[in-house]
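Engineer: Take a look at this one; I'll ask things after.
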Amino acid sequence: MIHFDRFELNNGLKVIFHKDPSTPMAVVNLLYDVGARDESEEQTGFAHLFEHLMFGGSINIPEFDTELQKAGGDNNAFTSNDITNYYETLPANNLDTALWLESDRMLSLALTEKSLEVQRQVVIEEFKQRYLNQPYGDDWLLLRPLAYKKHPYKWATIGKEISHIENAKMEDVKSFFQRFYNPSNAILCVAGNFELEFVKKRVNHWFGAIPSGKKPPRILPLEPEQSEFRELEVERNVPANAFYYAFKMSERKNEKYYVTDVLSDAIGREKSGRLSIKLKKEKQLVSEITAYITGSLDHGLFVITGKLNEGVKFEEFDDALWNCLEDVKKTEIDDNELDRLKLKIRTAREFQEQGLLNRAMNLCFFEMLGDANGVNEEHLIYQSITPRALRSVALEILQKENCSLLKIKSIKDA
Amino acid sequence: MLDRTVAPEIKEVEEVKFVSPKIEQINENVPFFWINDVANATARLDFYFDAGTIRSKSLVASITAGMLFSGSNEKDSTTFHNLLDDAGAYQDVSVTHEYAVVSFYGLNEQMIHIFRIFEEAMNFVIFPQSEFDEIINERKQKLQVSLEKVGVLAQRAFQKSLFDQTDYGRFANLDDFDNLLRSEIVDFFEQYYKKGLAKIVLVGDIHQRDVDYILNQSKKWGMYEVPQFKKDFTNSPGRIHVEKKGALQTAIRIGKVLFNKAHEDYISFTILNTILGDYFGSRLMKNIREDKGYTYGIGSFVSELQHTGYFIIATEVGSEFTEKTIDEIRKEIEILQTELIEKEELDLVRSYLLGQILKSADGPYATMDLFIGVQNHNMDLEFYNRYIQKVRTIQPDELREIARKYLGWDTMNIITAG
Numbered sequence: 001m002i003h004f005d006r007f008e009l010n011n012g013l014k015v016i017f018h019k020d021p022s023t024p025m026a027v028v029n030l031l032y033d034v035g036a037r038d039e040s041e042e043q044t045g046f047a048h049l050f051e052h053l054m055f056g057g058s059i060n061i062p063e064f065d066t067e068l069q070k071a072g073g074d075n076n077a078f079t080s081n082d083i084t085n086y087y088e089t090l091p092a093n094n095l096d097t098a099l100w101l102e103s104d105r106m107l108s109l110a111l112t113e114k115s116l117e118v119q120r121q122v123v124i125e126e127f128k129q130r131y132l133n134q135p136y137g138d139d140w141l142l143l144r145p146l147a148y149k150k151h152p153y154k155w156a157t158i159g160k161e162i163s164h165i166e167n168a169k170m171e172d173v174k175s176f177f178q179r180f181y182n183p184s185n186a187i188l189c190v191a192g193n194f195e196l197e198f199v200k201k202r203v204n205h206w207f208g209a210i211p212s213g214k215k216p217p218r219i220l221p222l223e224p225e226q227s228e229f230r231e232l233e234v235e236r237n238v239p240a241n242a243f244y245y246a247f248k249m250s251e252r253k254n255e256k257y258y259v260t261d262v263l264s265d266a267i268g269r270e271k272s273g274r275l276s277i278k279l280k281k282e283k284q285l286v287s288e289i290t291a292y293i294t295g296s297l298d299h300g301l302f303v304i305t306g307k308l309n310e311g312v313k314f315e316e317f318d319d320a321l322w323n324c325l326e327d328v329k330k331t332e333i334d335d336n337e338l339d340r341l342k343l344k345i346r347t348a349r350e351f352q353e354q355g356l357l358n359r360a361m362n363l364c365f366f367e368m369l370g371d372a373n374g375v376n377e378e379h380l381i382y383q384s385i386t387p388r389a390l391r392s393v394a395l396e397i398l399q400k401e402n403c404s405l406l407k408i409k410s411i412k413d414a
Numbered sequence: 415m416l417d418r419t420v421a422p423e424i425k426e427v428e429e430v431k432f433v434s435p436k437i438e439q440i441n442e443n444v445p446f447f448w449i450n451d452v453a454n455a456t457a458r459l460d461f462y463f464d465a466g467t468i469r470s471k472s473l474v475a476s477i478t479a480g481m482l483f484s485g486s487n488e489k490d491s492t493t494f495h496n497l498l499d500d501a502g503a504y505q506d507v508s509v510t511h512e513y514a515v516v517s518f519y520g521l522n523e524q525m526i527h528i529f530r531i532f533e534e535a536m537n538f539v540i541f542p543q544s545e546f547d548e549i550i551n552e553r554k555q556k557l558q559v560s561l562e563k564v565g566v567l568a569q570r571a572f573q574k575s576l577f578d579q580t581d582y583g584r585f586a587n588l589d590d591f592d593n594l595l596r597s598e599i600v601d602f603f604e605q606y607y608k609k610g611l612a613k614i615v616l617v618g619d620i621h622q623r624d625v626d627y628i629l630n631q632s633k634k635w636g637m638y639e640v641p642q643f644k645k646d647f648t649n650s651p652g653r654i655h656v657e658k659k660g661a662l663q664t665a666i667r668i669g670k671v672l673f674n675k676a677h678e679d680y681i682s683f684t685i686l687n688t689i690l691g692d693y694f695g696s697r698l699m700k701n702i703r704e705d706k707g708y709t710y711g712i713g714s715f716v717s718e719l720q721h722t723g724y725f726i727i728a729t730e731v732g733s734e735f736t737e738k739t740i741d742e743i744r745k746e747i748e749i750l751q752t753e754l755i756e757k758e759e760l761d762l763v764r765s766y767l768l769g770q771i772l773k774s775a776d777g778p779y780a781t782m783d784l785f786i787g788v789q790n791h792n793m794d795l796e797f798y799n800r801y802i803q804k805v806r807t808i809q810p811d812e813l814r815e816i817a818r819k820y821l822g823w824d825t826m827n828i829i830t831a832g
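From first to last, the protein sequence lines are chains A and B.
Position 35 of the first sequence, counting from 1, maps to 35 under my numbering, and the rest follow consecutively.
Here my numbering = 1-based position in the second sequence + 414.
Printed below as a string of structure tokens:
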């Protein structure tokens, strides 16, 4: 159970306070309700580029990191297709430094040409390092536009192509900031050994006078229901043939989301999942196979991925996989197996909650979903899942016409 | 009116509490460390075996570690993994040069069940041929993928250049997979696991009765002798390039054989290393990422071994920036050797490091890791008080002296892959 208090400033900033008397550290986590899905198709990669610019100095503070380091703290941030999340960890008695820094960059950024130019270059190197210069590195750049035709999930957070980053202009960056970076579009969490009244006072002191701004309306193109099997085969200089079967699944707030998550564990666990037992151990078709879900807020993907053994043809594997999935749809999982999956989920949750930063991040995330207390209710949803519910989700999503298949063919095999 | 240009007053870290775990001896060579003051239901149980890669020809240590749950006459591998799942356990083995560490993460109430599964696997594992073939196949493909990465190519070449002709400079190549015998795994297991337990580490609120059981049953795996590790390494500087056709980025590794915590200059050197490349505001990050944009990231580190350690600078840069980056790294090192660090920067590094040490002593898991960090070198927690003292008092001239003594450019191994 994670205890918390919640209050809202006059300018609309939602604040969560989580007290932990056992730690000498404090965490400040600030979630902005903006991600790559909020970009326009002609300017992708902006939310992420912007995250980099947030460290380039704000209106009253030339160097963000320097000030935080002086206070003994460190920080980082990440951007996903759905959100942008910033956090600081520092000794609790320097909490004010983190609030000062975060509030100043919410108020206004310095945004110099130099920092834009350098961060454009840094992000281009990140693009190369993570997506272009790794074997299979561009898999998601290929899979997204195959699985999504209209919804902005069709591009990755890094952007659709490098040129979008290269062409980013100062005026675009500024308008992005004005649109998304304001109190009414943010959720703040302060965690540490403090009293509620003290936290209210300090947060109000630093954030209270920031103009509210308007929460930008979100009208995203709807992804039409998929009704045909899609397939893309590309050749790459990679050692082994790789496959990605991506099935559309429910949105994050749907209770089926949790069922689908457990389904991915049931069939996709590395050593003891059904796919691994059937296709790796028994039939020796693959060297590795797993299944997982993307965890997206809008309709996400249930992905089965792995690599073929040398000499195995895609077609041979494909038949075996669909047979295996037919079995999953035909028979209910037994209660023992479901119980062990639930216990593993509980173990994972307990370990996650061990960290102060994780708790703060999760509280903000669930508050954005609608209620921070969701963090405490999630495990009840998991525990209530039945074999029947699993089978019903399997029947619904593991359909050929709901599937997009990416095959990466090793050129050595061509 | 709120003046945002003035930073809030910064309060210094006054005291860091270092808590020692409970210590027991399983036999005279094998200690047990335990922190039971854990606020939630989590527990972690680690078994350290004298079964690192230096103990045998390549692949043997890592394949053995990967096969600990490969099955007995009674239970096959899937059954063992299902049993671990039944206990809600996550299991992990990490193999370094000098150790293999088998770790279990679970709920405290489950830890005794988890241990019993491990105990059965250890006592009765038969390393079935089919499981051996499967892991060989899987690992071979993984290595093929790794060898496509410039970072991996540079790291391998770097370690080879540092430790060539020793057990520390050995790497698996693809044809090693074809020459490995199942019997080599069986022999290695008998020698380095069945008689190679070096320590047990437990974090978690577990019943004393269960702990007694675990220690009692593990006793038979304990080492009879104190293991020996190589002491003398010679540094052989030079420049090596590994060609990778079509690469968009070049991986750079620069460094040398150095020392570990046991050395008198270790603490001063780590402070110098922080300034150079070990935090976001470091000189390398500021210059090569934040000013020039050559890379997504660059860092420098000290990596420790039982009787030595090495210093390394690591980055991946756009291929067209390779030589410029090496020049800038060299310049930054020369500045450390010739100029005195300004008070403002040194004060910042002092505060930053004190904040980090406070963080690294926060919570039972962090506390245990901190303790093991010194225990590995037969030192105690007093080390961290000396460290704090040094962070507070070190002067610019000492830092410059350390840079001159240990960062000579002509002593460096410079590796590029791309």
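From the three backbone atoms N, C-alpha and C, an ideal C-beta is built for every residue, glycine too.
Source: prediction; values computed, not measured.
#1: Is it right to say Glu-88 (chain A) is buried, meaning 16 or more other beta carbons lie within 10 angstroms of its own, or is it exposed?
#2: Indicate whether Gly-159 (chain A) and Ala-36 (chain A) have their beta-carbon atoms separated by less than 9 Å.
#3: Starting from Met-25 (chain A), find everything on chain B with Cβ-Cβ shorter than 8 Å and list it in chain order.
#4: With a floor of 3 residues, list each beta strand (DSSP E) that falls wholly inside the segment 243-305 of chain A, ordered by position along the chain.
#5: Expressed to the nearest angstrom, what Euclidean distance is found between the alpha-carbon atoms of Lys-633 (chain B) and Asn-701 (chain B)?
#6: Quick one: which chain A residues come within Cβ less than 8 Å of Tyr-779 (chain B)?
#7: Report the residue from B:Val-427, B:Asp-451, B:Glu-423 whose alpha carbon sits nearest the alpha carbon of Pro-435 (chain B).
#8: Just verifying my parser: in three-state terms, what is the DSSP assignment at Leu-459 (chain B)?
#9: CA-CA distance, Gly-832 (chain B) and Phe-55 (chain A)?
#10: Have a look at A:Asp-104, A:Met-361, A:Asp-74 and flag the residue whose alpha-carbon is nearest the alpha-carbon of Val-420 (chain B).
#11: Does Asn-133 (chain A) get closer than 9 Å to chain B when you measure Cβ to Cβ?
#12: Quick one: give me the first and last residue of the beta strand (DSSP E) that Glu-233 (chain A) is part of.
#13: Would you say Tyr-136 (chain A) reaches chain B, if we count a Cβ-Cβ gap shorter than 9 Å as a contact?
#14: Compare the C-alpha of Tyr-148 (chain A) against each of A:Leu-90, A:Ala-240, A:Glu-67, A:Lys-248 and name the closest.
#15: Where Phe-176 (chain A) and Glu-67 (chain A) are concerned, what is the direct C-alpha to C-alpha distance, given to the nearest angstrom?
#16: What first and last residue would you give for the alpha helix (DSSP H) that runs through Gln-352 (chain A)?
#17: Pull out every residue of the segment 415-431 of chain B whose Cβ sits closer than 7 Å to any Cβ of chain A, in chain order.
#18: If we define contact as Cβ-Cβ less than 9 Å, is Phe-381 (chain B) a contact residue for chain A?
#19: With a CB to CB cut of under 6 Å and the five nearest residues on each side skipped, what residues in its chain are close to Ser-774 (chain B)?
#20: Tell me whether Gly-355 (chain A), by its Cβ, gets closer than 8 Å to a heavy atom of the ligand FMN.
#21: Against Gly-732 (chain B), what residues of chain A qualify as contacts under a CB-to-CB distance less than 7 Å, listed in chain order?
#22: With a threshold of 6 Å on Cβ separation, who are the neighbours of Leu-232 (chain A) within its own chain once the five nearest residues in sequence on each side are excluded?
#23: From B:Glu-730, B:Glu-657, B:Ile-802, pick the residue whose C-alpha is nearest to that of Glu-126 (chain A); which is it?
#24: Residues of the segment 379-399 of chain A in Cβ contact with chain B at a cutoff of 7 Å, in chain order, please.
#25: Classify Tyr-606 (chain B) as buried or exposed, calling it buried when 16 or more other Cβ atoms lie within 10 Å of its own Cβ.
#26: Once DSSP output is grouped into helix, strand and coil, what is the label at Lys-19 (chain A)?
#27: Take Gly-208 (chain A) as the anchor and find which of A:Pro-221, A:Leu-107, A:Leu-116, A:Asn-167 has the nearest alpha-carbon.
#28: Let me make sure I understand the geometry here. Which of B:Leu-767, B:Pro-445, B:Leu-561 has the alpha-carbon closest to that of Glu-657 (chain B)?
#29: For His-621 (chain B), count the other beta carbons within 10 Å of its own beta carbon; 16 or more makes it buried, fewer makes it exposed. Which is it?
#30: I'd like to know whether the C-beta atoms of Glu-41 (chain A) and Trp-155 (chain A) end up nearer to each other than 9 Å.
#31: For Ser-717 (chain B) and Ile-727 (chain B), which I take to be in contact (beta-carbon distance under 8 Å), what is that distance rounded to the nearest angstrom?
#32: Pull up the distance between the alpha-carbon of Trp-206 (chain A) and that of Gln-789 (chain B), whole angstroms please.
#33: Does DSSP put Glu-737 (chain B) in a helix, in a strand, or in coil?
#34: CA-CA distance, Ala-186 (chain A) and Leu-13 (chain A)?
#35: Is the beta carbon of Asn-415 (chain A) sitting closer than 9 Å to the one on Ala-92 (chain A)?
#36: Please report whether the beta-carbon of Thr-112 (chain A) lies at a distance below 9 Å from any beta-carbon of chain B.
Structural biologist: In short:
#1: Walking along the first sequence from the start, residue 88 (chain A) turns up at place 88. Buried, since its Cβ has 16 or more Cβ neighbours within 10 Å.
#2: Start at 1 with the first residue of the first sequence, and residue 159 (chain A) comes out as number 159. Start at 1 with the first residue of the first sequence, and residue 36 (chain A) comes out as number 36. For Gly-159 (chain A) and Ala-36 (chain A), yes; Cβs fall inside 9 Å.
#3: Start at 1 with the first residue of the first sequence, and residue 25 (chain A) comes out as number 25. Within 8 Å Cβ-Cβ: Leu-772, Lys-773, Asp-776.
#4: 286-293
#5: For this step, residue 633 (chain B) is matched to residue 219 along the second sequence. For this step, residue 701 (chain B) is matched to residue 287 along the second sequence. C-alpha separation (whole angstroms): 53 Å.
#6: Mapped onto the second sequence, residue 779 (chain B) falls at position 365. Simply Gln-354.
#7: As a first step, residue 435 (chain B) is located in the second sequence; it is residue number 21 there, counting from the start. Residue B:Asp-451 is the option with its Cα nearest to Pro-435 (chain B).
#8: As a position in the second sequence, residue 459 (chain B) is number 45, starting the count at 1. In this structure, Leu-459 (chain B) counts as strand in the three-state DSSP scheme.
#9: Taking the first residue of the second sequence as 1, we reach residue 832 (chain B) at position 418. Taking the first residue of the first sequence as 1, we reach residue 55 (chain A) at position 55. Whole-angstrom Cα-Cα distance: 30 Å.
#10: Counted from its first residue, the second sequence places residue 420 (chain B) at position 6. Per the Cα distances, A:Asp-104.
#11: Position 133 of the first sequence, counted from the first residue, corresponds to residue 133 (chain A). Closer than 9 Å: yes.
#12: Position 233 of the first sequence, counted from the start, is the residue given in the question as residue 233 (chain A). Where Glu-233 (chain A) is concerned, the enclosing beta strand (DSSP E) stretches over 230-236.
#13: Along the first sequence, one-based indexing puts residue 136 (chain A) at 136. Output row for Tyr-136 (chain A): interface = yes.
#14: Counted from its first residue, the first sequence places residue 148 (chain A) at position 148. Of A:Leu-90, A:Ala-240, A:Glu-67, A:Lys-248, the residue nearest in Cα terms is A:Lys-248.
#15: As a first step, residue 176 (chain A) must be located in the first sequence, where it is residue number 176. As a first step, residue 67 (chain A) must be located in the first sequence, where it is residue number 67. Looking at the two C-alpha atoms, the distance is approximately 25 Å.
#16: Along the first sequence, read from residue 1 onward, the residue named residue 352 (chain A) stands at position 352. Unbroken alpha helix (DSSP H) run through Gln-352 (chain A): 335-354.
#17: Leu-416, Arg-418, Thr-419, Ala-421, Pro-422, Ile-424, Lys-425, Val-427
#18: The structure shown does not extend to residue 381 (chain B), since chain B spans only 415 to 832, so no value can be given for it.
#19: As a working note, residue 774 (chain B) is residue 360 in the second sequence. Same-chain partners within the cutoff: Ala-780, Leu-784.
#20: For the structure depicted, the ligand FMN is absent and the ligand set is empty, with no information on it obtainable.
#21: Position 318 of the second sequence, counted from the start, is the residue given in the question as residue 732 (chain B). Residues of chain A passing the Cβ test: Glu-125, Lys-128.
#22: In the first sequence, residue 232 (chain A) corresponds to position 232, counting from 1. Excluding sequence neighbours, Leu-232 (chain A) sits near Leu-146, Leu-406.
#23: Here residue 126 (chain A) refers to the residue found at position 126 when the first sequence is read from its first residue. Residue B:Glu-730 is the option with its Cα nearest to Glu-126 (chain A).
#24: none
#25: The residue you call residue 606 (chain B) lines up with position 192 of the second sequence. Buried is the call here.
#26: Counted from its first residue, the first sequence places residue 19 (chain A) at position 19. Of the three classes helix, strand and coil, the one that applies to Lys-19 (chain A) here is strand, per DSSP.
#27: On the first sequence, position 208 is the one that residue 208 (chain A) refers to. Nearest C-alpha to Gly-208 (chain A): A:Leu-107.
#28: The residue labelled residue 657 (chain B) in the question sits at position 243 within the second sequence. It is B:Leu-561.
#29: Taking the first residue of the second sequence as position 1, residue 621 (chain B) is located at position 207. Looking at its Cβ environment, which holds fewer than 16 other Cβ atoms inside 10 Å, His-621 (chain B) is exposed.
#30: The residue labelled residue 41 (chain A) in the question sits at position 41 within the first sequence. The residue labelled residue 155 (chain A) in the question sits at position 155 within the first sequence. Contact: yes.
#31: Locating residue 717 (chain B) in the second sequence gives position 303, counting from the first residue. Locating residue 727 (chain B) in the second sequence gives position 313, counting from the first residue. That belief does not hold up - the Cβ atoms of Ser-717 (chain B) and Ile-727 (chain B) are roughly 12 Å apart, past 8 Å.
#32: Sequence index remark: in the first sequence, residue 206 (chain A) carries index 206 (1-based). Sequence index remark: in the second sequence, residue 789 (chain B) carries index 375 (1-based). Computed Cα separation, rounded: 44 Å.
#33: Translated into the one-based positions of the second sequence, residue 737 (chain B) becomes position 323. DSSP places Glu-737 (chain B) in helix when its eight states are reduced to three.
#34: Position 186 of the first sequence, counting from 1, holds the residue named residue 186 (chain A). Position 13 of the first sequence, counting from 1, holds the residue named residue 13 (chain A). If I take the Cα positions, the gap works out to 6 Å.
#35: Residue numbering for chain A in the displayed model covers 1 to 414; residue 415 (chain A) lies beyond these limits and cannot be assessed.
#36: In the first sequence, the residue the question calls residue 112 (chain A) occupies position 112. By this cut-off, Thr-112 (chain A) is not an interface position.
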